[in-house]
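Let me begin by presenting the structure, written as structure tokens, before commenting on it.
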Amino acid sequence: MNLFFLAWRNIRYYQQVSLAISMGVTIAIALLFLGLMVSWGVERGLETYRARLGADLLVAPREVKGNMESIFLLGKSEKQYFNGKIVDELRSLKGIKRISPQVFLESVAASCCSAGYVFIIGYDPKTDFTLLPWISLRERGKIGKDDAVVGANIIQPVGFFLRFYGHRFKIVAQLDRTGVGFYDNAVYLPIETVYKMAQESKVKPEIYDLNLKRGWISTAFIELEKGVNAQEIEGKIKRRYPNLETVKAIGLVKKVKEELPRLQRYFFIFISFVSVALFFLITIVFYLFNQMRRREHGLLRALGGRKMDLLTLVLLEGSLLILFGSFAGIILALTIKHLFYRWVIFTLKMPLLYPSLSLQLLGMMISTTLILVIGLVGAFYPAYLIANEEPYESIRFSG
11 MNLFFLAWRN IRYYQQVSLA ISMGVTIAIA LLFLGLMVSW GVERGLETYR ARLGADLLVA
71 PREVKGNMES IFLLGKSEKQ YFNGKIVDEL RSLKGIKRIS PQVFLESVAA SCCSAGYVFI
131 IGYDPKTDFT LLPWISLRER GKIGKDDAVV GANIIQPVGF FLRFYGHRFK IVAQLDRTGV
191 GFYDNAVYLP IETVYKMAQE SKVKPEIYDL NLKRGWISTA FIELEKGVNA QEIEGKIKRR
251 YPNLETVKAI GLVKKVKEEL PRLQRYFFIF ISFVSVALFF LITIVFYLFN QMRRREHGLL
311 RALGGRKMDL LTLVLLEGSL LILFGSFAGI ILALTIKHLF YRWVIFTLKM PLLYPSLSLQ
371 LLGMMISTTL ILVIGLVGAF YPAYLIANEE PYESIRFSG
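Sequential numbering of the sequence shown, starting at 11, is according to the working numbering.
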């Protein structure tokens with residue numbers, strides 16, 4: 011008796027029941043796999059974000075207090091500026107190794123722009139230490155005043171052109187994905203070019219007025235000398251410049267990291283609920299399914315089939331349905347992961363960089379194995395009942 015062929019025939023014959031079980035498995039495994047990818051992705055995103063910051067302290071206008079995470083995590087533009095001369099004054103402060111200014115703009119959806127809403131960052135090529143180290147020496151040598159370095163979410167590739175506020179910029183380098191909007195949604199331009207655009211925007215009626223004075227900046231990245239107490243330098247800056255807000259870069263990472271256990275706890279509770287629901291769904295459906303086929307199973311036993319054959323047949327049907335549902339669930343999860351990547355980052359307000367391919371394959375194996383075990387355990391009891399029923403009882407019950 012070819013049990014595999016018989017199980018496949020039964021699945022095709024009872025299509026509605028098979029579809030119901032497979033759909034339940036599809037939803038469950040998609041949720042489980044997505045949960046693993048988000049949990050692992052946040053951990054990886056935090057590591058990447060910490061490495062990419064490259065600074066010990068961040069300085070910004072006091073008006074953005076409370077919005078630092080929105081700016082430096084999500085890339086949300088805040089048009090608040092302070093006098094860049096302060097940067098030169100801070101360089102003389104003992105304990106500061108280097109400092110580099112940046113100015114933030116937001117592209118608007120107008121005729122002057124070709125890439126939609128992006129986070130435009132003006133950086134100083136002479137002092138920068140947070141962007142240029144992540145670009146190859148060959149690409150670094152190509153950067154001119156009308157060249158742009160773009161984040162991973164910018165769809166135009168290297169060699170193409172972008173237009174902002176009446177200026178045309180060639181993309182000469184694209185950064186690797188970080189899972190952080192501040193980097194992935196950004197277009198980096200030389201700071202002098204940004205000032206030039208701002209100056210022209212005041213006299214050209216067709217260009218949106220940027221309302222930015224030359225020399226004014228949005229933030230300054232500060233790297234400290236080795237062994238210097240960051241809190242001490244932070245206090246000196248606040249006392250000397252009360253109109254500025256200073257935050258430790260590691261504090262941004264720590265604040266997000268503290269939220270990770272809560273996210274993982276919610277994920278565990280949710281997956282536990284889904285797993286229990288799937289268990290009862292499969293148990294109930296298989297019980298009703300086997301009740302519908304009691305006469306069929308009784309005839310199979312009467313024709314010489316053993317209890318173990320019947321038990322194996324039912325479990326084999328369950329295994330095939332779970333594997334079909336698992337395959338569909340993985341495809342669904344990968345599709346959602348790709349289509350809603352930015353929405354997930356915006357909702358979580360956390361760095362999110364999906365795991366490597368090897369970890370994703372591991373996640374697929376864990377998800378499939380867990381759902382398979384839950385499904386087979388749920389199918390076992392109904393299968394055991396029908397396998398241990400006397401053939402004449404099964405045939406008589408069904409008429």
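The beta carbon of each residue, even a glycine, is placed where N, CA and C say it ideally should be.
(1) Determine the extent of the alpha helix (DSSP H) in which residue 178 is found, giving its start and end residues.
(2) Applying the 10 Å Cβ sphere with the 16-neighbour rule, what's the burial state of residue 327?
(3) In whole angstroms, what separates the C-alpha of residue 167 from that of residue 185?
(4) First and last residue of the beta strand (DSSP E) that includes residue 69?
(5) With distance defined between alpha-carbon atoms, name the residue in 101, 337, 387 and 202 nearest to residue 294.
(6) Spatial neighbours of residue 332 within its chain, please: C-beta separation below 7 Å, excluding the five flanking residues on both sides.
(7) Whose CA, out of 358, 145, 70 and 392, lies closest to the CA of residue 110?
(8) Can you tell me whether residue 32 is buried or exposed, with buried defined as 16 or more other CB within 10 angstroms of its CB?
(9) Residue 377 by DSSP, collapsed to three states: which one?
(10) Could you pull out every residue in the same chain whose Cβ sits closer than 7 Å to the Cβ of residue 6, ignoring the five residues on either side in sequence?
(11) For residue 115, which residues of its own chain have a beta-carbon under 6 Å away from its beta-carbon, when the five flanking residues on both sides are left out?
(12) Check for me: the beta strand (DSSP E) holding residue 133 runs from which residue to which?
(13) Curious, which full-length beta strand (DSSP E) runs of at least 3 residues does the region 155 to 179 contain?
(14) Which class does residue 121 belong to by DSSP, given the choice of helix, strand or coil?
(15) Residue 373 and residue 225 - do their beta-carbons sit closer together than 7 Å?
(16) With respect to the beta strand (DSSP E) encompassing residue 256, which residues constitute its N-terminal and C-terminal limits?
(17) Find the nearest neighbour of residue 264 within the set 53, 194, 322 and 213, judged by alpha-carbon distance.
(18) Rounding to the nearest angstrom, what Cα-Cα distance links residue 140 and residue 198 in this structure?
(19) In this structure, how does DSSP classify residue 95 when only helix, strand and coil are distinguished?
(20) Can you give me the Cβ contacts of residue 51 inside the same chain, cut-off strictly under 8 Å, excluding the 5 residues immediately before and after it?
(21) Output the boundary residues of the beta strand (DSSP E) element that contains residue 197.
(22) Would you call the region 195 to 212 and the region 54 to 63 touching, i.e. three or more CB-CB distances under 8 Å?
(23) Just the Cα atoms here: how many angstroms apart are residue 201 and residue 207?
(24) Give the straight-line distance between the Cα atoms of residue 46 and residue 272, rounded to the nearest whole angstrom.
(25) My output table needs one value for residue 212: the three-state DSSP class, helix, strand or coil.
(26) Tell me, please, which residues DSSP counts as bridged to residue 230.
(27) Would residue 284 and residue 44 be called neighbours here (beta carbons separated by less than 7 Å)?
(28) So what does DSSP say about residue 106, is it helix, strand or coil?
(29) If you follow the alpha helix (DSSP H) that residue 35 is in, where does it begin and where does it stop?
(30) Could you tell me which of 266, 260, 340 and 389 sits nearest to residue 239, measuring between CA atoms?
(31) Counting only the same chain and skipping the five closest in sequence on each side, list residues whose C-beta sits under 8 Å from that of residue 39.
(32) Which residues in the same chain have their Cβ closer than 8 Å to the Cβ of residue 90, if we skip the five residues on either side of it in sequence?
(33) Who are the near neighbours of residue 203 in its chain, counting only those whose CB is closer than 6 Å to its CB and skipping five residues on each side?
(34) Can you tell me which of the three DSSP states residue 271 falls into?
(35) For residue 165, count neighbouring Cβ atoms within 10 angstroms of its own Cβ and tell me buried if that reaches 16, exposed if not.
Considering the structure as presented:
(1) First-last for residue 178: 177 to 184, but that is the beta strand (DSSP E), not the alpha helix (DSSP H).
(2) buried
(3) 11 Å
(4) Run containing residue 69: 67 to 71, per the beta strand (DSSP E) assignment.
(5) 387
(6) 35, 381, 382 and 385
(7) 70
(8) buried
(9) helix
(10) Residue numbering for the chain in the displayed model covers 11 to 409; residue 6 lies beyond these limits and cannot be assessed.
(11) Contacts found: 130.
(12) 129 to 133
(13) 157 to 160 and 171 to 174
(14) Unreliable placement is indicated for residue 121, whose pLDDT of 41 sits below 50; no coordinate value is reported for it.
(15) Here residue 225 is not near residue 373, since their CB atoms are 7 Å or more apart.
(16) 254 to 258
(17) 53
(18) 11 Å
(19) helix
(20) 189, 362, 363, 364 and 365.
(21) Note, residue 197: beta strand (DSSP E), 196 to 200.
(22) With the cut-off at 8 Å, the region 195 to 212 and the region 54 to 63 do not touch.
(23) 10 Å
(24) Distance between the alpha carbons of residue 46 and residue 272: 14 Å.
(25) coil
(26) 69 and 111
(27) No, the Cβ-Cβ distance between residue 284 and residue 44 is not below 7 Å.
(28) strand
(29) 25 to 63
(30) 260
(31) 335, 336, 339, 340, 343, 377, 378 and 381
(32) 70, 71, 73, 74 and 228
(33) 155
(34) Residue 271 falls in the helix class under three-state DSSP.
(35) exposed
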